[in-house]
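J.:
Have a look at this one:
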């Protein structure tokens, strides 16, 4: 949003938390209630407050030409319905599965919900029931994201994952995340003569991210030290392991600029893998499982080393990097080249293009 404002766009941000941005104000107005179907009273209160905030924005002197919805988990969906009903094109920046996983019930029900949504008769009844429940004052019918939303998936993998859950929007695009590249690169790392290989793990220090694997692997690699940045059950210092706990994003960026290797042996699929990209931009060699959308970023032997989520494979990769200066330099250079293709400016270019196309097609989207 700061980059859009810097390009001359009139940017307003409505969120659950307030604050200031560079050239715009973040106005607190939305209320965050994840899985509102489990908390009907709190959910209804959140809906009332959030819709009031959106109606205020729609009837102000700064009525939006285009709305961009970022991570909307927990935000009452009637706020989005209001935007569609007012004829405002909505660009959805999809970085996870919130479109489907906030529906009532477990993941095994997702396909059933999407199959029902495919029925025009069901959508009519659902919308009528939502409007009736709102008694004319609230929009409790879900927004027409699949039909009218401009959906920007952060990776092709995530788009396919949505499709597997039955969500196939009419207006689908892939817009990868971008990062600010200025000031990230820590430059060439000094030789290992007289010092240990510096390995960094940054993220939730739990089993899903593979923090336990990183700790077990470092014990098998003499001449290597691990820094853990993040909270979790494995955020404990030990032999050749330094746990910092939760640190600021600025501190993480500094640690990446200092590290020889960034390790992320996670057991889950990443929708994109932004942390891999940040480490590459800093000049650290990436070692990770790189599954899901992250597989579109990390190429084994080109810009990192892809490993299985188990200590032996991670330890073998770290040993290779400890013993091969040329390999470290080559993979670090490959990582920098990859990161250079994911600058924030390219992401903002894509958003501007989607916004311009939405404005050009506004009558069709509003009436579809």
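In the numbering used here, the protein residues as written are 1 to 368.
Where is the CB? At the ideal position from N, CA and C, for every residue including glycine.
As the structure is a computational prediction, the values presented were derived from the model and not from experiment.
#1: Counting along the chain, where does the alpha helix (DSSP H) carrying residue 93 start and finish?
#2: Determine the burial state of residue 139: buried for a count of at least 16 other Cβ atoms within 10 Å of its Cβ, exposed for fewer.
#3: Which same chain residues end up closer than 6 Å to residue 355 when comparing Cβ atoms and leaving out the 5 residues on each side of it in sequence?
#4: Write down the C-beta distance between residue 235 and residue 245 rounded to the nearest angstrom, noting that I regard them as a contact closer than 8 Å.
#5: When you measure from the CB of residue 68 to every non-hydrogen atom of the ligand MN, does any distance come out below 6 Å?
#6: First and last residue of the beta strand (DSSP E) that includes residue 75?
#7: Please report the distance separating the alpha-carbon of residue 365 from that of residue 190.
#8: Measuring only the C-alpha atoms, how far is residue 341 from residue 301?
#9: Residue 157: buried (16+ other C-beta within 10 angstroms of its C-beta) or exposed?
#10: Under a three-way DSSP split, which group does residue 270 fall into?
#11: Between residue 45 and residue 52, what straight-line distance do the alpha-carbon atoms span, to the nearest angstrom?
#12: Under 6 Å Cβ to Cβ from residue 274, same chain only, skipping five residues before and after it: list those, please.
#13: Which class does residue 197 belong to by DSSP, given the choice of helix, strand or coil?
#14: Short of 8 Å in beta carbon distance, which residues of its chain neighbour residue 345, apart from the five on each side in sequence? Order them along the chain.
#15: Quick check for students: name the residue ranges of the beta strand (DSSP E) that lie wholly in the stretch 150-209, counting only runs of 3 or more.
#16: Let me know the beta strand (DSSP E) ranges lying completely inside the stretch 270-294, each 3 residues or longer, listed in chain order.
#17: Would you give the residue range spanned by the beta strand (DSSP E) that residue 306 belongs to?
#18: Taking the alpha carbon of residue 116 as the point to measure from, which residue in 166, 242, 162 and 97 has its own alpha carbon closest?
#19: Which two residues bound the contiguous beta strand (DSSP E) that contains residue 321?
#20: Quick check: the Cα distance between residue 233 and residue 62, rounded to an integer number of angstroms?
#21: Where do the ends of the beta strand (DSSP E) carrying residue 5 lie?
#22: DSSP state of residue 215, grouped into three classes?
#23: List the whole-angstrom C-beta distance separating residue 229 from residue 202, where the pair is believed to meet the contact cut-off of C-beta under 8 Å.
#24: Please say whether residue 263 and residue 337 have beta carbons closer to each other than 7 Å?
#25: DSSP beta-bridge partners for residue 261?
T.: So, from the listed chains and residues:
#1: Unbroken run through residue 93 is the beta strand (DSSP E), 90-94; no alpha helix (DSSP H).
#2: buried
#3: 66
#4: 6 Å
#5: Absence of the ligand MN is noted for the structure shown, with no ligands found whatsoever.
#6: Residue 75 -> no beta strand (DSSP E), and no H or E assigned at all.
#7: For residue 365, the predicted model reports a pLDDT of 46, less than 50, meaning its position is unreliable and no value from the coordinates is stated.
#8: 18 Å
#9: buried
#10: strand
#11: 11 Å
#12: 177
#13: strand
#14: 3 and 178
#15: 150-153, 171-174 and 197-202
#16: 285-288
#17: 304-306
#18: 166
#19: Per DSSP, residue 321 belongs to no beta strand (DSSP E); it is in the alpha helix (DSSP H), 311-323.
#20: 47 Å
#21: Counting along the chain, residue 5 falls outside any beta strand (DSSP E), though it belongs to the alpha helix (DSSP H) covering 2-6.
#22: helix
#23: 4 Å
#24: no
#25: 199 and 285
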